[in-house]
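For reference, the structure discussed in these notes is given below.
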Amino acid sequence: CKTVRRLADPLNIGRVIARPFVGESVATFERTYNRRDYAVPPPEPTLLDRLTGRGSKVIAVGKIGDIFAHRGISEVRKAAGNMAMFDKALGAMDEAGDGDLVFANFVDFDTEFGHRRDVAGYAAALEAFDRRLPEALVKLKQGDLFILTADHGNDPTWRGTDHTRERIPVIGTGPGLAGGDIGLRPTFADIGETVAEHLGLAPGRHGTSFYAAMGGHARTA
């Protein structure tokens, strides 16, 4: 895969993904959790670079480190399955200090249920995630921001096996935030700029913060 990554670089292909599996037949075929993503490094500094550059810690849970080619990442924590990943995220929240970022990806929704068009499995996974959300929310301290979102759709009721194109949810909360309607956003970069403003970074080149619409007040770095 590293060789393929080098061959793919001139074509600007975003990622080469290694998906190891076990099994001797269709009946026993099963992907393992040893997935690796070989990504093109971001073409310019990201929110993660800006945070680590000023001395903040960025804890990546799941495949986040691979997606960003391990740039702007302080620590990587991986686990097998959404619930184990949730445990890792909770541990990272406990350790994160003021100005740090915990960035978690729960990949099972996509790989185990979305691509496989497993409606019942997807529903059960959402319910399991919902049941654990209070464990994260109770850890939030005054001045913390918690955002739930997605990078794309993957409707398990739709035909085929590929990603789908519905708009993603963006749900944010935190102690002291009044809340509000952030409207339809034109770019994913708005989420990054919202986190940047919340953590006291200067505005970046891309995106517009909606932190004020949530009732937030930016802090100084």
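Position 32 of the sequence shown, counting from 1, maps to 14 under this note's numbering, and the rest follow consecutively. The beta-carbon is built from N, C-alpha and C at its ideal position, and this holds for glycine as well.
Simplified DSSP assignment, three categories, for residue i
i, result
"G162", "coil"
"A86", "strand"
"G125", "coil"
"T93", "helix"
"T139", "coil"
"L130", "strand"
"L(-7)", "helix"
"A184", "coil"
"A194", "helix"
Terminal residues of the beta strand (DSSP E) in which residue i lies
i, result
"G154", "V152 to T155"
Pair within 8 Å by beta-carbon distance, residue i and residue j
i, j, result
"G63", "D90", "yes"
"V58", "A71", "no"
"P25", "R53", "no"
"V22", "N87", "no"
"G156", "L183", "no"
"P151", "L130", "yes"
"K45", "D19", "yes"
"A178", "G165", "no"
"V206", "T14", "With the chain represented from -17 up to 203, any question about residue 206 goes unanswered, as that position is not in the structure."
"G197", "A160", "yes"
Start and end residues, alpha helix (DSSP H) containing residue i
i, result
"T176", "A171 to H180"
"K119", "The sequence as given places Leu at residue 119; Lys does not occur at that position. Taken as a continuous stretch (DSSP letters only), the alpha helix (DSSP H) holding L119 covers V101 to L119."
"R(-12)", "K(-16) to A(-10)"
Bridge partner(s) assigned by DSSP for residue i
i, result
"L72", "L72 is not bridged to any residue."
"T146", "G135"
Chain D contact for residue i (CB, 8 Å cutoff)
i, result
"T139", "Absent from the structure: chain D. Only one protein chain is present."
Please give the ranges of any beta strand (DSSP E) in the segment -5 to 65, keeping only runs that are unbroken, at least 3 residues long and fully inside the region. DSSP runs (the beta strand (DSSP E)) wholly in the segment -5 to 65: -3 to 0, 18 to 21, 40 to 43 and 57 to 59.
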